[in-house]
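See below for the structure under consideration.
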Amino acid sequence: MNNSSMTFRKQYENALTVKTEAPSEGIPASYFAGIFYEQQEVCADRIPTVLCGGSVKIDESLTLSFAPLDCRMLLYTQEGAGTLLIEGQRHPLESGSLLYLDRSKCVFSLLSDSRFWHFNTFSFGGGLFPVYESLAAFETFLLAQIDSHSSITRNLRHLLAGECGTELSYKLRDAGLLTAIVTELLATNIAPQFPQEGQKKCAPYLLELKHYMDNHLGSNLKLEDLERHCHMSKYRICHEFSDVFGLPPIKYMNKKRLETAENLLLSTEKKVHEIALAAGFENTNHFIHLFKKEYGTTPQAYREAHHLYF
Numbered sequence: 165m166n167n168s169s170m171t172f173r174k175q176y177e178n179a180l181t182v183k184t185e186a187p188s189e190g191i192p193a194s195y196f197a198g199i200f201y202e203q204q205e206v207c208a209d210r211i212p213t214v215l216c217g218g219s220v221k222i223d224e225s226l227t228l229s230f231a232p233l234d235c236r237m238l239l240y241t242q243e244g245a246g247t248l249l250i251e252g253q254r255h256p257l258e259s260g261s262l263l264y265l266d267r268s269k270c271v272f273s274l275l276s277d278s279r280f281w282h283f284n285t286f287s288f289g290g291g292l293f294p295v296y297e298s299l300a301a302f303e304t305f306l307l308a309q310i311d312s313h314s315s316i317t318r319n320l321r322h323l324l325a326g327e328c329g330t331e332l333s334y335k336l337r338d339a340g341l342l343t344a345i346v347t348e349l350l351a352t353n354i355a356p357q358f359p360q361e362g363q364k365k366c367a368p369y370l371l372e373l374k375h376y377m378d379n380h381l382g383s384n385l386k387l388e389d390l391e392r393h394c395h396m397s398k399y400r401i402c403h404e405f406s407d408v409f410g411l412p413p414i415k416y417m418n419k420k421r422l423e424t425a426e427n428l429l430l431s432t433e434k435k436v437h438e439i440a441l442a443a444g445f446e447n448t449n450h451f452i453h454l455f456k457k458e459y460g461t462t463p464q465a466y467r468e469a470h471h472l473y474f
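Start counting the sequence shown at 165; every next residue gets the next number (the numbering used here).
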């Protein structure tokens with residue numbers, strides 16, 4: 165391990181205080197960091213770079229108190245639960261939740277009070293994260309519930325399976341994964357600070373309709389159903405929805421279903437017909453036809469072509 169990684173390790177350990185509820189033999193602060201990555205000077209502060217990370221399991225009540233440290237942090241709760249204490253407020257960290265935090269801005273604590281908490285965490289620096297955050301009106305932290313088959317969780321798994329050595333290929337791979345995770349997280353959970361020039365105004369009912377469809381992708385919704393839901397003609401719905409979101413409602417739903425199917429293809433071993441049903445398609449042949457039209461190949465061929473990324 166070179167000097168730069170040793171320097172960050174010392175900074176991390178100095179910034180963390182571990183307090184246990186009952187007398188304990190003591191757990192080193194470094195345990196909660198995962199593995200400290202070896203650093204390559206050519207990458208430092210230039211591209212997104214993992215400083216430390218890994219899988220952490222806690223099976224006792226304790227408090228982790230963190231002083232400010234110049235890095236960002238991702239923390240994904242895989243099993244069990246914990247609590248984030250920040251700015252005087254408590255926020256539950258439940259299974260499937262992802263915390264994104266600018267560690268340089270404040271003190272915070274992680275509380276393990278459920279007797280079991282398994283989370284994956286990464287501390288990282290470099291890159292354009294301050295720029296992304298300013299565009300998304302991000303302040304200190306973001307806490308979001310992440311679907312188990314989303315591209316965010318898939319990229320987190322790839323990051324967890326990565327290497328901590330100095331090879332440039334490792335660093336570039338990590339940079340791509342970190343960028344993809346953070347930008348998608350900000351894009352889907354925080355409204356942009358600066359509206360795009362010429363952006364059309366969106367009627368409140370359209371946002372409510374989009375939210376309704378996003379949460380009913382598995383239902384066999386028809387235009388008549390949307391018509392009854394919105395209490396207006398399907399022709400007006402299609403025109404105004406397309407004008408704002410670029411696609412009519414049914415095509416929009418099919419696109420979201422295909423995205424769900426893509427994630428299932430790459431993150432599970434389900435058969436194609438099972439994925440079609442899980443994504444909301446009643447007819448497998450119709451699903452294959454739409455998938456090929458969108459991705460240029462069949463679902464099975466797409467899965468095989470991306471097999472190396474499992």
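Built from N, CA and C at the ideal position, the CB exists for glycine as well.
Only a predicted model underlies this, so the values are computations on that prediction, with no experimental measurement involved.
By the C-beta density criterion, ALA301 is exposed, having fewer than 16 other C-beta atoms within 10 angstroms.
Counting only the Cα atoms, THR330 lies some 31 Å from GLU243. For CYS394, the secondary structure class from DSSP, reduced to helix, strand or coil, is helix. For PHE451, the enclosing alpha helix (DSSP H) has its first and last residue at 448-459. Counting only runs of 3+ residues, the beta strand (DSSP E) found wholly inside the stretch 198-265 occupies 213-222, 226-230, 236-244, 246-250 and 253-257, in chain order. Going by beta carbons, PHE288 and VAL206 fall outside the 7 Å limit. Take the alpha-carbon of VAL436 and the one of TYR466: they are about 11 Å apart.
Scanning TYR369, THR304, GLY326 and HIS393 for the CA closest to the CA of LEU350 turns up THR304. For VAL271, the number of other beta carbons within 10 angstroms of its own is below 16, and it is reported as exposed. With fewer than 16 other beta carbons inside 10 angstroms of its own, ARG392 counts as exposed.
Residue pairing for LEU306: DSSP places it in a beta bridge opposite TYR264. Counted as a single uninterrupted DSSP element, the stretch harbouring SER276 is not any alpha helix (DSSP H) but the beta strand (DSSP E) occupying residues 272-276. When Cβ pairs closer than 8 Å are counted between the two stretches, the stretch 312-323 is seen not to touch the stretch 273-280, the count staying below three.
When the five nearest sequence neighbours on each side are left out, the beta carbons in the same chain lying within less than 8 Å of the beta carbon of PRO232 are those of ALA179, ARG267, SER268, LYS269, CYS270 and VAL271, in order along the chain. DSSP places PHE293 in the uninterrupted alpha helix (DSSP H) bounded by 293-299.
Taking SER261 as the centre and dropping the five residues before and after it, the same chain places the C-beta of TYR240, THR241, LEU307, ALA308, GLN309 and ILE310 closer than 8 Å to its C-beta, in chain order.
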